[in-house]
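Residue numbers (the working numbering), protein chains in the order written: chain A, 1 to 278; chain B, 279 to 638.
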Ligand SMILES: Cc1cc2nc3c(=O)[nH]c(=O)nc-3n(C[C@H](O)[C@H](O)[C@H](O)COP(=O)(O)OP(=O)(O)OC[C@H]3O[C@@H](n4cnc5c(N)ncnc54)[C@H](O)[C@@H]3O)c2cc1C
Ligand code: FES
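So, in structure tokens, the structure goes:
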């Protein structure tokens, strides 16, 4: 029987600053066996820890198509994540997983894809975005609508520029508060509906961000004709074990860590309202 | 363990006077857990020492009659504090309990039901090695309840979880006066009888009749009756119970006592402790009624209201557990009621939603 609670050592190979409180860490497992056997899918997460401090669920933001390493984009939110921000290249993290279900991939081939993200909501989507970019011809139009509080808080600035250059791919950015030489939009993410066509025909939408943003985006998507089953999102819950045991992430009869974190809006609708919290 | 009751070739009994001696023998080769009286006269499932005067002294405190076991034997497999692994700067040393033969002697039928329920939980999805390694080579000896140990709170006849077990045990003892008649529930139970054949004597068929009489009288002794089935139906349906939850939430002090004593509650926290570079990652019991239980690092808390946490507790036990496993997560042991400082308990909740006038 595998001991699911045992984490494995992974060395930090590079650190990319995303914003004042968010970095992307590229890590490689020290143990070659683990490195080769750690197979994950787009949208899954890992439990990342510093021994002696604690563990937290973090989305794997790298893509399964790019092998040999993992990437985590981590916001310094509390005890552990702030401690991670003090680490340097060459230091180690401890990682176990992968956990949770995944974003659909085969099922969405040939469709137009919308990614609608707020703040730290883009990292979980990035894994799927990059597999799609690696197999671009198998998908229809891709539109990425991304908002953050300020220009500094946008993650993956370089990649956003890169994605924009790919044919049939649009990137729309917005911030609540602009400064400097900001050339894009100002206002909440749903304001971007005025800038570009959001059309439900042969389309699926992936939504990730704070609960309040999800709520308004979903309303807007439904207005635009999207069916509940074509709106796909992640639920965030406080998690401890990641494997359906500790109970912290339960909603209704489901465990977000095992049955989620990816749910369609149709599935969310079946969760009792008072447990839904979006 | 085989879950269904089975027929044994010859009927067996054990004299009550021989039970302590049997336990003394077993303690040498089994990790033997029995209800022991503590200094404060509480009764807790405890591990018997293996030999010597310590064993003798412990045997003097065995209490199989008045079994108000405060905490169910769940903590034998799911201890309140569990060291998962130790670490220094660079090395992790896992701390999984090595397999050991365990005898859990004197389990109440409702608690046996709970043990089986929790076993299945820790096997579902991912297997939990810490729990499951402790359940290997385990023998459960149930003693049925002649009188309910918590007379005002036990409601096992309503939930069909007692006062005698139908399955889920290796052996079940039926108190027929000076001796126990032995029911065998598994091949492991049968092997146990054969290994300790000096203690288990052949019994005449008429003892079976006696046992039947004892069982039906025992069922009559359980005075608290609730409409458990109706409660499950209501929980499954669309009836709005917000008012009920609200009333409870106004009185509940959210101490978590009911959760700790509940034989099927399994929630835990994971945390690290560190001293001079060495440390431990541990699990400890947690409770869904605590506000911090669902609070996320952003400060957002999907269950920030008391009434939501009250609803969660009852719906988990009576609705979600039932729809996922086919059995309710309440085994009607009554501990939540007897441990509650403000007299809230599962039986009262059931009375209230089924509109039984005796409700809370
Ligand atoms: C499936 C999943 C995927 C995730 N992916 C990512 C990801 O890719 N990147 C990422 O950065 N995060 C991600 N998260 C969130 C991340 O897990 C949390 O930010 C992380 O657990 C924080 O851990 P911590 O130990 O640093 O914070 P903790 O120390 O646990 O929390 C501290 C913070 O919590 C709040 N807090 C603590 N106590 C209180 C209190 N009493 N009252 C109010 N607020 C309080 C405060 O804001 C405080 O700063 C994900 C979460 C889930 C469930
Ligand atoms: S995080 Fe422990 S059950 Fe989901």
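Even for Gly, the Cβ is constructed at its ideal location relative to N, Cα and C.
Practice item. Measure from the alpha carbon of residue 450 of chain B to the alpha carbon of each residue in B:461, B:321 and B:476, then state which is nearest. Key: B:461
Practice item. Give the secondary structure of residue 269 of chain A by DSSP, where H, G and I count as helix, E and B as strand, and everything else as coil. Key: helix
Review point. Run through DSSP, which three-state label would residue 124 of chain A get?
Key: helix
Review point. Where residue 172 of chain A and residue 372 of chain B are concerned, what is the direct C-alpha to C-alpha distance, given to the nearest angstrom?
Key: 48 Å
Exercise for review: Indicate the three-state DSSP secondary structure (helix, strand or coil) for residue 49 of chain A in the structure shown.
Suggested key: strand
Review point. Within 8 Å (strictly less), CB to CB, does residue 425 of chain B reach chain A?
Key: no
Point to revise | Whether residue 249 of chain A touches residue 238 of chain A by CB criterion (8 Å) | key: yes
**Study point:** Simplified DSSP state of residue 311 of chain B, which is helix, strand or coil
**Key:** strand
Exercise for review: Excluding the 5 residues preceding and the 5 following residue 296 of chain B in the sequence, name in chain order all residues of the same chain whose CB lies nearer than 8 Å to its CB.
Suggested key: 477
**Study point:** Alpha-carbon to alpha-carbon, residue 204 of chain A and residue 120 of chain A
**Key:** 21 Å
Practice item. Can you pull the chain B residues whose beta carbon is under 7 Å from the beta carbon of residue 258 of chain A, in chain order? Key: 403
Review point. Do you know how far the Cα of residue 555 of chain B is from the Cα of residue 563 of chain B?
Key: 25 Å
**Study point:** Within chain B, partners of residue 53 of chain A - CB distance below 7 Å
**Key:** 550
Check your understanding: From this set, B:433, B:436 and B:452, which residue's C-alpha is nearest residue 442 of chain B's C-alpha?
Key -> B:452
Point to revise | Exposure of residue 196 of chain A, with buried meaning 16 or more beta-carbon neighbours within 10 Å | key: exposed
Exercise for review: On a CA-only basis, which of A:168, A:216 and A:176 is nearest residue 138 of chain A? Give me that one, please.
Suggested key: A:168
Check your understanding: If you draw a straight line from the C-alpha of residue 271 of chain A to the C-alpha of residue 223 of chain A, how long is it?
Key -> 22 Å
Check your understanding: Is the segment 329 to 345 of chain B in contact with the segment 403 to 416 of chain B, if contact means three or more CB pairs nearer than 8 Å?
Key -> no
**Study point:** the segment 493 to 503 of chain B touching the segment 575 to 595 of chain B, judged by at least three CB pairs closer than 8 Å
**Key:** no
Check your understanding: Among residues of its own chain, excluding the 5 on either side of residue 368 of chain B, which ones have a beta-carbon nearer than 7 Å to its beta-carbon?
Key -> none
**Study point:** Segment contact flag, the segment 591 to 600 of chain B with the segment 378 to 389 of chain B, C-beta cutoff 8 Å, min 3 pairs
**Key:** no
Review point. Mind checking whether the beta-carbon of residue 620 of chain B lies closer than 7 Å to any heavy atom of ligand 2?
Key: no
Check your understanding: Closer than 7 Å: is that where the CB of residue 594 of chain B sits relative to any heavy atom of ligand 2?
Key -> no
Review point. If you check the beta carbons only, do residue 26 of chain A and residue 71 of chain A fall under 8 Å apart?
Key: yes
Practice item. Note the first and the last residue of the continuous alpha helix (DSSP H) segment covering residue 388 of chain B. Key: 387 to 401
**Study point:** DSSP three-state assignment for residue 537 of chain B, whether helix, strand or coil
**Key:** helix
**Study point:** Spatial distance of residue 281 of chain B from residue 422 of chain B (CA atoms)
**Key:** Below a pLDDT of 50, predicted positions are generally treated as unreliable, and residue 281 of chain B, at 48, falls in that range; no measurement from the model is reported.
Check your understanding: Hey, would you say residue 112 of chain A sits closer than 8 Å to residue 202 of chain A, going by beta carbons?
Key -> yes
Review point. Taking 8 Å as the CB-CB cut-off, is residue 124 of chain A touching chain B?
Key: no
Check your understanding: Just reading off the beta strand (DSSP E) that residue 416 of chain B is part of, what are its end residues?
Key -> 416 to 421
Exercise for review: Using a Cβ-Cβ cut-off of less than 9 Å, give me the residues of the segment 603 to 625 of chain B that come near chain A, in sequence order.
Suggested key: none
Point to revise | Contacts of residue 4 of chain A in chain B (Cβ-Cβ under 8 Å) | key: 404, 405, 406 and 407
Practice item. Examine ligand 2 and report whether any of its heavy atoms sits within less than 7 Å of the Cβ of residue 246 of chain A. Key: yes
Exercise for review: Decide if residue 166 of chain A is buried, meaning its Cβ has at least 16 other Cβ atoms within 10 Å, or exposed.
Suggested key: exposed
Exercise for review: Kindly indicate which residue of A:11, A:109 and A:51 has the alpha-carbon position closest to the one of residue 136 of chain A.
Suggested key: A:109
Review point. What are the start and end residues of the beta strand (DSSP E) that includes residue 1 of chain A?
Key: Note, residue 1 of chain A: premise wrong, no beta strand (DSSP E); not H, not E.
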